[in-house]
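Mind the numbering: the sequence shown is residues 1 to 222 in my numbering, read in order. Yeah, the Cβ is synthetic: ideal placement off N, Cα and C, and Gly gets one too. Quick notes on the structure that follows.
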Amino acid sequence: MAAVGSGRRLRIGVLISGRGSNLQSLIDATKQADYPAEIGLVIANTAGAYGLERARAAGVATQVIDHTAYASRGAFETALSEALNASGCELVCLAGFMRLLTEPFVEAWWDRLINIHPSLLPAFRGLQVHERVIAYGARFTGCTVHFVRPAMDDGPIVVQAVVPVFDDDDPDRLAARVLIEEHRIYPLAVRLIAEARVRVEGARVRIAGAPRDDVSLINPRA
Ligand code: GAR
């Protein structure tokens with residue numbers, strides 16, 4: 001990814017399928033004068049996605065590319081790429097985009113395609129994450145921003161946040177606790193990438209110049 005310096009902002013495309021609260025966190029971040037990225041286009045694969053209204057309210061360009069209108073996944077993904085390229089997007093952010101993307105699309109956007117997932121990957125890939133975290137009895141969960149690879153919820157990890165799981169949690173309450181952290185780490189990950197501080201080295205990411213907290217967490221505390 002080219003370094004974004006001297007006032008130029010990295011142009012991102014955001015792909016959504018629904019509520020769009022993570023999109024909102026990116027919109028809010030890009031409103032800050034010193035944020036190094038801007039949203040060039042929001043694409044939804046369904047016209048009813050509430051996130052489209054959030055984008056319109058913020059004056060961000062939107063497009064609906066309805067997967068059901070295409071004969072194949074390949075044709076749908078070609079339309080996605082064409083729209084993203086036409087609007088000059090350099091980085092694609094999946095934000096609650098609920099379509100699996102196939103290898104040609106992932107390869108076309110290699111190291112320029114990121115996703116947010118509501119668990120501490122590689123644990124709890126897939127759907128019904130919070131139900132499974134609770135059923136498993138995990139004491140911590142969290143969220144992950146990662147570069148996308150062809151396997152589902154797989155790829156080099158950029159940022160994670162950790163969230164405790166409590167005995168009386170239900171999936172909704174846990175999801176809400178995780179979502180607060182999602183809204184912090186997605187704008188952070190995009191900022192780190194835009195500042196060219198993120199380097200993908202094989203299966204992992206190295207981040208330049210990030211302060212670090214050396215803290216351990218125990219749940220439950222004695
Ligand atoms: C978020 O919790 C996101 O992590 C999750 O969908 C939700 C979308 O919410 N994504 C996945 O599970 C992808 N595997 P939002 O539409 O309010 O951003």
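_Cβ neighbour criterion (16 or more within 10 Å) applied to residue 115_ = For the purposes of this step, residue 115 is taken as residue 115 along the sequence shown, with counting starting at 1. By the 10 Å Cβ count, residue 115 comes out buried.
_Could you give the first and the last residue of the continuous alpha helix (DSSP H) run that contains residue 131?_
Counting from one through the sequence shown, the residue named residue 131 turns up at place 131. Per DSSP, residue 131 belongs to the alpha helix (DSSP H) from 129-136.
_Burial state of residue 186, where buried means 16 or more other Cβ atoms lie within 10 Å_ = By 1-based counting over the sequence shown, the position of residue 186 is 186. With 16 or more neighbouring CB atoms inside 10 Å of its own CB, residue 186 falls in the buried class.
*asked:* Across the stretch 119-135 and the stretch 171-181, are there enough close Cβ pairs to call them in contact, namely three or more that are closer than 8 Å?
replied: Taking a contact to require three or more Cβ pairs closer than 8 Å, the stretch 119-135 and the stretch 171-181 qualify as touching.
*Burial state of residue 153 (16 or more Cβ within 10 Å)*: For the purposes of this step, residue 153 is taken as the residue at position 153 of the sequence shown. With 16 or more neighbouring CB atoms inside 10 Å of its own CB, residue 153 falls in the buried class.
*Looking only at DSSP bridge pairs, what is residue 38 linked to?*
What you label residue 38 is simply residue 38 of the sequence shown in a count that begins at 1. For residue 38, which the question treats as bridged, DSSP gives the partners 11.
*Return the chain-ordered list of same chain residues with a C-beta closer than 7 Å to the C-beta of residue 207, the five sequence neighbours on each side being excluded.*
Translated into positions along the sequence shown, residue 207 becomes position 207. These residues qualify, in order along the chain: 192, 197, 198.
*Which listed residue (73, 209, 194, 109) has its alpha carbon closest to that of residue 39*: Taking the sequence shown and counting its residues from 1, the one referred to as residue 39 is at position 39. When the alpha-carbon of residue 39 is set against those of 73, 209, 194, 109, the nearest one is in 194.
*Sorry if obvious, but does the Cβ on residue 222 come closer than 7 Å to a heavy atom of ligand 1?*
What you label residue 222 is simply residue 222 of the sequence shown in a count that begins at 1. Not one heavy atom of ligand 1 lies closer than 7 Å to the C-beta of residue 222.
*Identify, in the order they occur along the chain, each residue of the same chain with its Cβ nearer than 8 Å to the Cβ of residue 74, setting aside the five sequence neighbours on each side.*
The sequence position of residue 74 within the sequence shown is 74, counting from 1. Closer than 8 Å at Cβ, skipping near neighbours: 102, 104.
*Endpoints, alpha helix (DSSP H) assigned at residue 57*: In the sequence shown, counting from the first residue as 1, residue 57 sits at position 57. Judged by DSSP secondary structure, residue 57 falls within the alpha helix (DSSP H) whose first and last residues are 51-57.
*With distances taken Cα to Cα, identify the nearest neighbour of residue 48 among 134, 138, 20.*
Here residue 48 refers to the residue found at position 48 of the sequence shown. Each of 134, 138, 20 was checked against the Cα of residue 48, and the nearest Cα belongs to 20.
_Residue span of the alpha helix (DSSP H) that contains residue 85, given as start and end_ = As a working mapping, residue 85 is identified with position 85 in the sequence shown. Its alpha helix (DSSP H) spans residues 73-86.
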